[in-house]
Amino acid sequence: MRITQVESIILLDKLHIVKVHTDEQITGVGEVSPMNARVSHAVIEHALAPLLIGEEATDIQRLWRRMYTKPHKLGPGGTLLNAMAGIDIALWDILGKAAGLPVYKLLGGKYRPAARVYASSMARGMSPQEEAERALSYKEKGFFGYKIHSSTPWMHDDGFDQTIATAAAVRRLVGDEFPIMVDVNNAYYGHTAIKIANALAELGIWHFEEPLATHDYAAYGRLADAVEIPIAVGEQEYTSWQFRDLITVGRVDILQPDVIKCGGITEFTKIATLADTYTRPITVHNTQQTIGTSAHAHLWVSTPSCVYPQEYNIEHNPILDDTPIWKNPLVPVDGLITPWELPGLGIELDDEVVARLRTN
């Protein structure tokens with residue numbers, strides 16, 4: 058089964074889809090991180106697609122290595138791995154469709170029947186009380202936790218920071234047993250991160266996410282020595298080699314790969330093996346509610362280390378909520394997500410809507 062076309066599609070600048078077509082009329086669908094989508098689109102069209110045309114679509118490991126090594130000066134992370142992720146996910150979709158099996162069965166079958174998810178609030182403009190009331194509403198909907206984004210990303214030690222006030226307000230309203238996660242998107246220098254971490258520990262926060270600068274693994278190691286709260290990092294790591302260093306040098310507690318950023322399902326499984334080897338749980342970075350969530354769902358149920366509640370973005374998404382691009386959306390039911398039993402990822406795209414929303 059040979060690859061005949063690799064199609065990169067951007068929808069409303071909100072979603073970046075890849076379709077891989079074959080000579081047996083089996084088409085696979087994947088997703089690329091929407092950040093810098095037009096740059097990723099150029100990488101797919103000019104650097105990756107020419108490497109794949111005419112190749113055997115089911116040789117996924119070989120094709121992953123080919124995409125990674127041939128244009129290596131574009132990497133080793135960022136846009137190259139994002140673009141590769143969309144193609145790789147589509148190849149796994151093809152493999153599942155050709156075999157007549159859902160992707161999770163190709164990954165070893167179910168380790169758990171369904172994945173628990175927590176509500177991830179991306180809004181940053183709410184008052185602490187407003188955030189607390191929102192958290193309570195999602196607790197009542199059956200979600201298994203709630204995450205706040207409470208500081209200014211990358212503005213180290215910026216004066217405007219509601220992290221402690223917001224976390225405290227949420228804790229008061231939802232009670233002591235409901236998991237709360239705090240994501241600050243690289244907002245602090247080391248000494249401030251320690252102070253915030255210790256205050257959050259007093260509130261029983263489940264994990265403290267990305268407090269320090271990306272890739273400063275030595276700083277994360279120092280933080281690990283100074284605090285007890287679990288530290289979660291990984292949305293800006295792209296390869297198993299980076300995750301190895303994140304574990305061994307940064308000594309973080311929880312790993313957060315994102316399948317649409319870290320090179321796809323193929324590389325995610327290698328990261329998951331590292332997680333098992335070093336006894337680290339995985340709670341993925343999952344902000345895309347369509348194809349990315351579907352791909353993650355197959356990994357959540359088949360990967361032993363995905364033991365904790367997983368992220369689900371609760372913000373409004375026009376491609377999901379207003380003009381849905383798929384006929385069978387995968388959404389939480391009572392806080393649980395279960396992948397479809399259909400072959401491949403199980404996604405049924407509405408091609409008419411995709412064509413109407415296409416912006417490239």
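Following the numbering used here, the numbering of the sequence shown begins with 58 at its first residue and continues without gaps. From the three backbone atoms N, C-alpha and C, an ideal C-beta is built for every residue, glycine too. As the structure is a prediction and not an experimental result, all values here were calculated from the model.
Spatial neighbours of D310 in its chain, beta-carbon cut-off 6 Å, leaving aside the 5 residues before and after: Answer for D310: P287, I288, listed in chain order.
Segment contact, 8 Å Cβ cut-off, at least three pairs: the stretch 353-362 with the stretch 122-138
no
- Item | Exposure label - R337; buried when at least 16 CB within 10 Å | The residue is buried, with at least 16 neighbouring Cβ atoms inside 10 Å.
* Asked: Quick one: any contact between the stretch 145-164 and the stretch 370-384, if contact means 3 or more CB pairs under 8 Å?
  -> no
- request: Grab me the residues of F279's own chain with a C-beta within less than 8 Å of its C-beta, minus the 5 sequence neighbours each way, in chain order.
  value: The sequence as given places Arg at residue 279; Phe does not occur at that position. These residues qualify, in order along the chain: G247.
(message) Let's see if you can read the secondary structure: which residues bound the beta strand (DSSP E) around M238?
(response) Per DSSP, M238 belongs to the beta strand (DSSP E) from 237-240.
*Is DSSP giving F201 helix, strand or coil here?*
coil
- prompt: According to the Cβ coordinates, are A171 and V227 closer than 8 Å?
  reply: Going by C-beta atoms, A171 is not nearer than 8 Å to V227.
Of the residues H103, Y168, A180, I74, the one placed nearest N370, counting alpha carbons only: A180
Reference T395, options V411, V358, D302, closest by Cα:
V358
Cβ-Cβ separation, T209 to A244 (assumed contact under 8 Å), whole Å: 6 Å
| said: I'd like to check one pair, A192 with Y203: are the Cβ atoms closer than 8 Å? | reply: yes
- Got a sec? Which residues, its chain only, sit under 6 Å from L164 by beta carbon, not counting five neighbours each side? S359
Q: In the DSSP assignment, find the unbroken alpha helix (DSSP H) run with L414 in it and report its ends.
A: Where L414 is concerned, the enclosing alpha helix (DSSP H) stretches over 408-414.
Next on the checklist: Between I135 and Y277, how many whole angstroms is the CB-CB distance? I'm expecting something under 8 Å.
Outcome noted: Residue identity differs from the one stated: residue 135 is Gly in this sequence, not Ile. That pair is no contact at about 20 Å.
Nonlocal neighbours in the same chain, by C-beta distance under 7 Å from L331, ignoring five residues either side: S297, F300, R301, I304
- Message: Mapping the DSSP letters down to three states, classify F217 as helix, strand or coil.
- Response: The answer is coil: DSSP assigns F217 none of H, G, I, E or B.
Exercise. Within the same chain, show all residues whose beta-carbon is closer than 7 Å to that of G111, passing over the 5 residues directly before and after it, in chain order.
Key: R59, I60
query: Which one or two residues does DSSP pair with Q367 in a beta bridge?
result: V174
* Asked: With a Cβ-Cβ cutoff of 8 Å, do A147 and V77 count as a contact?
  -> yes
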